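As given, the protein sequences belong to chains A and B, one line each in that order.
Letter by letter, the first sequence follows residues 1 to 112 in our numbering.
Letter by letter, the second sequence follows residues 1001 to 1111 in our numbering.
All residues carry an ideal CB built from backbone N, CA and C; glycine is no exception.
Bear in mind that the values here come from a model prediction, so they are computed numbers and not experimental data.
Data first, discussion second: the structure below is written as structure tokens.
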Amino acid sequence: SAVISQKPSRDICQRGTSLTIQCQVDSQVTMMFWYRQQPGQSLTLIATANQGSEATYESGFVIDKFPISRPNLTFSTLTVSNMSPEDSSIYLCSAPDGHGYTFGSGTRLTVV
Amino acid sequence: GEDVEQSLFLSVREGDSSVINCTYTDSSSTYLYWYKQEPGAGLQLLTYIFSNMDMKQDQRLTVLLNKKDKHLSLRIADTQTGDSAIYFCADLDTGRRALTFGSGTRLQVQP
Chain A
1 SAVISQKPSR
11 DICQRGTSLT
21 IQCQVDSQVT
31 MMFWYRQQPG
41 QSLTLIATAN
51 QGSEATYESG
61 FVIDKFPISR
71 PNLTFSTLTV
81 SNMSPEDSSI
91 YLCSAPDGHG
101 YTFGSGTRLT
111 VV
Chain B
1001 GEDVEQSLFL
1011 SVREGDSSVI
1021 NCTYTDSSST
1031 YLYWYKQEPG
1041 AGLQLLTYIF
1051 SNMDMKQDQR
1061 LTVLLNKKDK
1071 HLSLRIADTQ
1081 TGDSAIYFCA
1091 DLDTGRRALT
1101 FGSGTRLQVQ
1111 P
């Protein structure tokens, strides 16, 4: 099954700064997904990242706040921009893997 | 939009069976999934079921799907303390090809 390496695993950031999260998949995948898991909550889809096209954002998420790159079929980044304490969450990337979906280990972000 | 709902908490004794329930609203769901999340860890795919099946068994795990009632359950036989975690059901949105997750059920296994 596919393996996704996600980094950083955690970070503490100052408000107003930006953090870029990276995900590397060990196989080529057409689609990658970015989710947010707020404290004690479920996972919410932020956007879908396709190689060669702009990411598709879900309602409530905008490109200026969460720019995404997808330079090739094995890699994607999510940037959390101009952070505020409300952005403190776990961010996870995901990719299809057979009939299932594999997830990265997550990035635990704390904004102070 | 789609909605997936779960009960928030379940407590069982070690050795008992656990049953975690989930309901969903998307009548066009093709695949439904169960994921496990341990503290500080990512999501681990436990099992999935295709919508034309009504049961799937995998070792200690049994998934039951009632498509008419849009009800999904996960039964864990002989529950162990290592099964303590949050369990998420998820529904594949065939349009977006992304998963819609339930709120998660925290399973606590008492020795």
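Taking the C-beta atoms as reference points, V62/A is found no nearer than 7 Å to S88/A. Counting C-beta pairs with one atom in each stretch, the segment 34-46 of chain A and the segment 85-103 of chain A have three or more that are closer than 8 Å, which means they touch.
Between the segment 1066-1079 of chain B and the segment 92-110 of chain A, the count of Cβ pairs shorter than 8 Å is below three; the stretches do not touch. Scanning V3/A, L45/A, R15/A, P8/A for the CA closest to the CA of Q28/A turns up V3/A. Nearest to E1002/B by C-alpha distance, out of D1093/B, Y1048/B, I1086/B, D1078/B, is D1093/B. Within the DSSP bridge table, the entry for E1005/B names T1023/B as partners. With distances taken between CA atoms, L1032/B lies nearest to A1090/B out of A1090/B, S1103/B, L1046/B, G1015/B.
Residue-level contact by beta carbon fails for S9/A and chain B, as no gap is shorter than 7 Å. Just measuring C-alpha positions, the residue of S94/A, T74/A, K65/A, F33/A sitting nearest N82/A is K65/A. Proximity to T1047/B across G1040/B, P1039/B, Y1035/B peaks at Y1035/B, based on C-alpha coordinates. With a cutoff of 7 Å on beta-carbon distance, T1079/B and S1007/B are scored as not near each other. Bridge partners of R1106/B according to DSSP: F1009/B, I1086/B. For F1101/B, DSSP records a beta bridge to A1090/B. Within its own chain, the residues whose Cβ lies closer than 7 Å to the Cβ of F1101/B, once the five positions on either side in sequence are excluded, are V1004, F1088, A1090, listed in chain order.
Looking at the backbone, the Cα of P8/A and that of E1014/B are separated by about 36 Å.
In the structure shown, T56/A falls within a strand segment according to DSSP collapsed to helix, strand and coil. Taking a C-beta distance under 7 Å as the contact criterion, L43/A and E58/A do not qualify as a contact pair.
P71/A and P85/A have their C-alpha atoms some 29 Å from each other. The beta carbons of T48/A and A1098/B sit about 6 Å from each other, so the pair counts as a contact at 8 Å.
Secondary structure at P96/A: strand, using DSSP grouped into helix, strand and coil.
Within the segment 78-98 of chain A, those residues whose Cβ lies closer than 7 Å to any Cβ of chain B are, in chain order, L92. Annotation for K1070/B: no beta strand (DSSP E) segment contains it, and DSSP assigns it neither H nor E.
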